[in-house]
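**Q**
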């Protein structure tokens, strides 16, 4: 039976749709939208009714990439439960970002992203905010013969930044310096971004090279009313990796 031109067009469109559905299934039904990403988080972590609070998108690529990589960093909430996570899309593939696994907190949460610290929560009456992030030199040496770790704590510095609103229930604090790898507020390699990388070192006794330790840095957020009076203070934390990763 000979098909007309219109019938052939319909047939080809159906075949393309079936092929697209097959490719989508082979890729594991990746989420391409914020809603889809949050639904993936809900299924994976047994959460429900997550609503986006903040979605920041960053485009980047490796030298050998043909297509750019687009990372979507999310803060969402369900009641008083907050989550922070990220997904990276490369061409048709979408993966949950390993370097920024899901964080979950009650009442408020903070997320470091490319030189900016975001804090989300229920802040009624808060007109402004400031943040203090404390870093301390930490060196960890592993002795494979004794199977023991020796941890040495050095100097401690607290970095303070003013905040600005990024939306309802979100403040952001810019901590990136013009040249974070050279001079900070207290000298070489001592700005917050550089300290989060340079001050946390792991070694293997008798080995070569240095690893960057994962450590949670204490974050103190102070909320102010319109007259400048203190409304509340929040005690949070942020992974040092979040503070120094450049996408």
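Residue numbers (our numbering): 937 to 1183.
Where a beta carbon is used, it is the ideal one built from N, C-alpha and C, also for glycine.
Going along the chain, which unbroken runs of the alpha helix (DSSP H) with 4 or more residues stay wholly within the region 999-1039?
**A** The DSSP assignment places no complete alpha helix (DSSP H) segment of no fewer than 4 residues inside the region 999-1039.
**Q** Would you report the Cα separation of residue 1061 and residue 1142, rounded to the nearest angstrom?
**A** 56 Å
**Q** In angstroms, rounded to a whole number, what distance separates the CA positions of residue 1104 and residue 1130?
**A** Each residue's Cα considered, the two are about 30 Å apart.
**Q** Thinking just about the alpha-carbon of each residue, which of 988, 1099, 1071 and 1149 is nearest to the one in residue 1160?
**A** 1099
**Q** My output table needs one value for residue 979: the three-state DSSP class, helix, strand or coil.
**A** helix
**Q** Report the rounded CA-to-CA distance for residue 977 versus residue 988, giving the unit in angstroms.
**A** 12 Å
**Q** Please report the Cβ distance between residue 1151 and residue 1176, rounded to the nearest whole angstrom; I am assuming they are in contact, meaning their Cβ atoms lie under 8 Å.
**A** Correct: roughly 5 Å between the Cβ atoms.
**Q** In whole angstroms, what is the alpha-carbon distance linking residue 1076 and residue 1069?
**A** 21 Å
**Q** Count the other CB atoms, across all protein chains shown, that sit within 10 Å of the CB of residue 1134; report buried if there are 16 or more and exposed otherwise.
**A** buried
**Q** Spatial neighbours of residue 1058 within its chain, please: C-beta separation below 8 Å, excluding the five flanking residues on both sides.
**A** 1016, 1043, 1044 and 1105
**Q** Return the chain-ordered list of same chain residues with a C-beta closer than 6 Å to the C-beta of residue 960, the five sequence neighbours on each side being excluded.
**A** Note that residue 960 has pLDDT 48, beneath the 50 cutoff, so the model's placement of it is unreliable and the number below is only indicative. The answer is none, since no qualifying residue turns up.
**Q** Are there 16 or more other CB atoms within 10 angstroms of the CB of residue 1110, so buried, or fewer, so exposed?
**A** exposed
**Q** Where does residue 1003 land, buried or exposed, given buried means 16+ other C-beta within 10 angstroms?
**A** exposed
**Q** Verify whether the separation of the beta carbon atoms of residue 1050 and residue 1011 is less than 8 Å.
**A** Not in contact: residue 1050 and residue 1011 (Cβ atoms no closer than 8 Å).
**Q** Around the Cβ of residue 1174, are there at least 16 other Cβ atoms within 10 angstroms (buried) or fewer (exposed)?
**A** buried
**Q** Anyone know if the C-beta pair for residue 1092 and residue 1113 falls short of 8 Å?
**A** Contact annotation: residue 1092 and residue 1113 have beta-carbon atoms that are not nearer than 8 Å.
**Q** Return the Cβ separation of residue 1148 and residue 1136 in integer angstroms, given the expectation that the two are a contact with Cβ distance under 8 Å.
**A** 6 Å
**Q** Suppose you measure from the CA of residue 1029 to the CA of residue 997; what does that come to, to the nearest Å?
**A** Cα to Cα, the separation comes out at about 14 Å.
**Q** Measure the alpha-carbon distance for residue 971 versus residue 1056 and round it to whole angstroms.
**A** 19 Å
**Q** Is residue 1094 buried or exposed, if buried means 16 or more other CB atoms sit within 10 Å of its CB?
**A** The residue is exposed, with fewer than 16 neighbouring Cβ atoms inside 10 Å.
**Q** Identify the continuous beta strand (DSSP E) that holds residue 1129 and give its terminal residues.
**A** Residue 1129 -> not in any beta strand (DSSP E); alpha helix (DSSP H) instead, spanning 1128-1134.
**Q** Use the C-beta contact count for residue 1008: other C-beta atoms within 10 angstroms, 16 or more gives buried, fewer gives exposed.
**A** Under this definition residue 1008 is a buried residue.
**Q** Just how far apart, CA to CA, sit residue 982 and residue 1000?
**A** 37 Å
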